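Per this note's numbering, residue 33 is the first one in the sequence shown, and the count goes up by one each step.
Even for Gly, the Cβ is constructed at its ideal location relative to N, Cα and C.
Values in this document were obtained by computation on a predicted structure and should not be read as measured data.
Below is one structure, written out as structure tokens; the observations come after it.
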Amino acid sequence: MEAFEYAHPTTQHEAIGLLGSKWNDAAVLAGGTDLISLMKEYLVTPKRVVNIKNVEGLNGIHSNAEGVTIGALVTMDELLENATIRSEFPALTQAAGGITSPQIRAMGTVGGDLCQRPRCWYFRNGYGLLAKDENGKSLVPDGENRYHAILGNSGPAYFVNPSSLAPVLIALGAKLQLAGTKGQREVRASEFSVIPKSDEERENVLKPDEMLTHIVIPASSHGLRSATYEVRQKTALDWPLAAAAVAVKLEGGKVREGRIVLGHVAPIPWQAREAEKELEGKSITESAAASVGEAALRGAKPLSQNGYKVQLAKVAVKRALLAAAKGEA
Ligand SMILES: Cc1cc2nc3c(=O)[nH]c(=O)nc-3n(C[C@H](O)[C@H](O)[C@H](O)COP(=O)(O)OP(=O)(O)OC[C@H]3O[C@@H](n4cnc5c(N)ncnc54)[C@H](O)[C@@H]3O)c2cc1C
């Protein structure tokens with residue numbers, strides 16, 4: 033690990049002042065479950081590490097007329113134990129519950145989950161975010177791509193967004209509050225992740241001098257039926273192969289509106305808009321859920337080794353819809 037300066041601010045203002053104008057100037061440290069391994073592998077080499085664990089105002093889950101606000105420092109365990117989240121947003125509890133490691137649940141934060149870097153093994157082995165060879169060509173399409181993207185993969189990025197919480201937050205219409213040297217701003221959860229065009233860019237809209245402070249699930253999402261369904265190779269330490277988060281408003285047994293967001297299949301959480309349209313006005317029966325699953329994957333373009341993920345994602349959509357309709361938590 034490269035030597036770095038360590039800072040442990042206690043206020044947001046102080047923390048932001050310690051960030052820099054370039055990514056290499058500083059890195060935010062929350063639970064450290066991803067950042068520390070990135071630093072040990074020299075994949076990120078910040079000159080300063082800004083530990084935000086003691087920054088006031090970033091903890092806790094609070095409800096008011098606007099909705100439910102989750103502090104960026106809330107851990108997976110705290111999210112799982114929260115009664116409001118459990119009863120109102122089962123999809124979020126199910127997604128956090130999929131992370132089975134007690135250590136990650138105890139240390140990993142919601143903010144860190146949304147900002148964690150891709151697990152692409154080319155990136156993790158030092159080939160850069162876009163995994164290019166010396167001629168600037170991606171190594172992924174002709175390489176080891178069994179865990180890579182099947183949607184949104186026309187390049188230059190082929191990794192999958194690793195966050196299990198992001199698809200749920202998009203389905204629930206959440207907003208993310210960011211704070212930086214130029215002030216505060218709010219972005220929709222659906223606009224937070226982006227597909228980088230170069231190795232110098234990042235996978236989200238955060239700027240080097242900004243941090244994520246809160247996640248707000250709007251009051252309008254109360255009463256939605258939501259569910260997450262993940263397909264995992266094993267229940268131990270690993271990320272899902274494919275997942276779907278859905279949130280639907282039912283009226284008279286039929287879907288008035290619904291959001292369907294796929295996880296771990298594209299460089300960003302993938303909102304299946306065509307499938308959402310197909311769902312509108314339908315009762316969620318076994319066959320309707322299956323045909324919406326088909327619609328969600330209609331644009332999939334699997335790479336040489338990951339065709340199997342198409343079927344997994346279809347099934348994830350179908351089962352998430354059926355679970356949401358039944359109100360299974
Ligand atoms: C074996 C294993 C299995 C896992 N399985 C899953 C899984 O199935 N699903 C899943 O979603 N995740 C999974 N994870 C990832 C885990 O959830 C994340 O590592 C964790 O949530 C990151 O949180 P952290 O607080 O430790 O972040 P850190 O390691 O402290 O930070 C991670 C990144 O986010 C940045 N960051 C953190 N907080 C902020 C903030 N508030 N503002 C701006 N930037 C910030 C850091 O600079 C860093 O780049 C797994 C991890 C491991 C090791």
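Quiz item: Do V60 and ligand 1 come close, with the Cβ less than 7 angstroms from some heavy atom?
Solution: Here the question's residue 60 lines up with position 28 in the sequence shown. It does: the Cβ of V60 is within 7 angstroms (strictly closer) of some heavy atom of ligand 1.
Quiz item: Taking just the CA atoms, how far does D241 sit from G52?
Solution: Against the sequence shown, residue 52 aligns to sequence position 20. Against the sequence shown, residue 241 aligns to sequence position 209. Distance between the alpha carbons of G52 and D241 is about 5 angstroms.
Practice problem: Under 7 angstroms Cβ to Cβ from R220, same chain only, skipping five residues before and after it: list those, please. | Solution: For this step, residue 220 is matched to residue 188 along the sequence shown. Excluding sequence neighbours, R220 sits near K207.
Quiz prompt | Bridge-paired residues (DSSP) for W302 | solution = Looking up residue 302 in the sequence shown gives position 270. Answer is L294, bridged to W302.
Exercise. Name, in chain order, the residues that DSSP records as bridge partners for S186.
Key: For the purposes of this step, residue 186 is taken as residue 154 along the sequence shown, with counting starting at 1. In the DSSP assignment, no residue is bridged to S186.
Exercise. Identify every run of the beta strand (DSSP E) within the stretch 188-230, keeping only runs that are complete inside it and at least 3 residues long; order them along the chain.
Key: Complete beta strand (DSSP E) runs here, min 3: 207-212, 215-220.
Quiz item: Can S196 and A275 be called in contact, C-beta distance under 8 angstroms?
Solution: Here the question's residue 196 lines up with position 164 in the sequence shown. Here the question's residue 275 lines up with position 243 in the sequence shown. Yes, they are a contact pair.
Self-check item: Cutoff 6 angstroms; reference A361; Cβ partners in own chain excluding five residues on either side
Solution: Along the sequence shown, one-based indexing puts residue 361 at 329. Model confidence at A361 stands at a pLDDT of 39, short of 50, so the residue's coordinates are unreliable; what they give is reported in the following sentence. Result list for A361: P122, in chain order.
Self-check item: Residue closest to S170, alpha-carbon to alpha-carbon, out of A322, A181, H180, P188
Solution: Within the sequence shown, the letter at position 138 stands for residue 170. When only C-alpha atoms are compared, the closest one is P188.
Self-check item: Per DSSP, cross-strand counterpart(s) of E283
Solution: If you number the sequence shown from 1, residue 283 lands on position 251. For E283, DSSP records a beta bridge to K286.
Quiz item: Where do the N-terminal and C-terminal ends of the beta strand (DSSP E) with V100 fall, by residue?
Solution: On the sequence shown, residue 100 is found 68 positions in, with the first residue counted as 1. Per DSSP, the unbroken beta strand (DSSP E) holding V100 starts and ends at 99-103.
Quiz item: In chain order, what residues of the same chain have a beta carbon less than 7 angstroms from the beta carbon of A268, not counting five sequence neighbours either side?
Solution: By 1-based counting over the sequence shown, the position of residue 268 is 236. Within the same chain, A268 has close Cβ partners T132.
Quiz item: Taking just the CA atoms, how far does V60 sit from Q148?
Solution: Taking the first residue of the sequence shown as position 1, residue 148 is located at position 116. Taking the first residue of the sequence shown as position 1, residue 60 is located at position 28. Between the C-alpha atoms of Q148 and V60 there is a straight-line separation of about 11 angstroms.
Quiz item: Looking only at C-alpha atoms, which of R351, V278, V100 sits nearest to S252?
Solution: Within the sequence shown, residue 252 is the residue found at index 220, counting from 1. Nearest C-alpha to S252 among R351, V278, V100: V100.
Quiz item: Taking buried to mean at least 16 other C-beta atoms within 10 Å of its own C-beta, is A35 buried or exposed?
Solution: Start at 1 with the first residue of the sequence shown, and residue 35 comes out as number 3. Exposed is the call here.
Quiz item: For the beta strand (DSSP E) that M444 lies in, which residues bound it at each end?
Solution: Summary: the structure shown does not reach residue 444, with the chain confined to residues 33 through 361, and so no result is reported for it.
Self-check item: Any non-hydrogen atom of ligand 1 within 7 angstroms of D241 CB
Solution: Indexing the sequence shown from 1 puts residue 241 at position 209. No.
Practice problem: In angstroms with no decimal places, state the Cα-to-Cα distance between T317 and A277. | Solution: Counted from its first residue, the sequence shown places residue 317 at position 285. Counted from its first residue, the sequence shown places residue 277 at position 245. Cα to Cα, T317 sits roughly 17 angstroms from A277.
Quiz item: In three-state DSSP terms, what is A163?
Solution: Working through the sequence shown from its first residue, we reach residue 163 at position 131. DSSP places A163 in coil when its eight states are reduced to three.
Exercise. Go through its chain and collect everything with a Cβ distance to Y261's Cβ below 7 angstroms, but skip five positions before and after it.
Key: Your numbering for residue 261 matches position 229 in the sequence shown. Cβ contact annotation for Y261 (same chain, cutoff 7 angstroms, sequence separation greater than five): A275, A276, A348, R351, A352, A355, in chain order.
Exercise. Please work out which residues of its chain come closer than 7 angstroms, Cβ to Cβ, to A211, disregarding the five sequence neighbours upstream and downstream, and give them in chain order.
Key: Within the sequence shown, residue 211 is the residue found at index 179, counting from 1. Within the same chain, Cβ atoms closer than 7 angstroms to the Cβ of A211 are found at Q44, I48, E242, M243, T245, the five residues on either side in sequence being excluded.
Self-check item: Cβ pair G92, V76 closer than 8 angstroms
Solution: Here residue 92 refers to the residue found at position 60 when the sequence shown is read from its first residue. Here residue 76 refers to the residue found at position 44 when the sequence shown is read from its first residue. Result no, Cβ atoms of G92 and V76 do not sit closer than 8 angstroms.
Self-check item: Buried/exposed call for S69, threshold 16 Cβ in 10 Å
Solution: Counting from one through the sequence shown, the residue named residue 69 turns up at place 37. Exposed.
Quiz prompt | Distance, V142 Cα to L201 Cα | solution = If you number the sequence shown from 1, residue 201 lands on position 169. If you number the sequence shown from 1, residue 142 lands on position 110. If I take the Cα positions, the gap works out to 11 angstroms.
Quiz item: In three-state terms, what does DSSP make of V349?
Solution: On the sequence shown, residue 349 is found 317 positions in, with the first residue counted as 1. Residue state, collapsed to three classes: helix.
Quiz item: Which same chain residues, not among the five before or five after D57, have their C-beta less than 8 angstroms away from its C-beta?
Solution: The count along the sequence shown starts at 1 and reaches residue 57 at position 25. The answer, listed in chain order, is L51, P78, K79, R80, P240.
Exercise. Would you check whether ligand 1 has a heavy atom nearer than 7 angstroms to the C-beta of D66?
Key: For the purposes of this step, residue 66 is taken as residue 34 along the sequence shown, with counting starting at 1. D66 has its CB nearer than 7 angstroms to a heavy atom of ligand 1.
Quiz item: Counting pairs of Cβ atoms below 8 angstroms between the stretch 109-126 and the stretch 158-167, do you hit three or more?
Solution: Verdict: no, contact absent.
Quiz item: Taking the DSSP output, what are the residues bridged to I93?
Solution: Along the sequence shown, read from residue 1 onward, the residue named residue 93 stands at position 61. I102.
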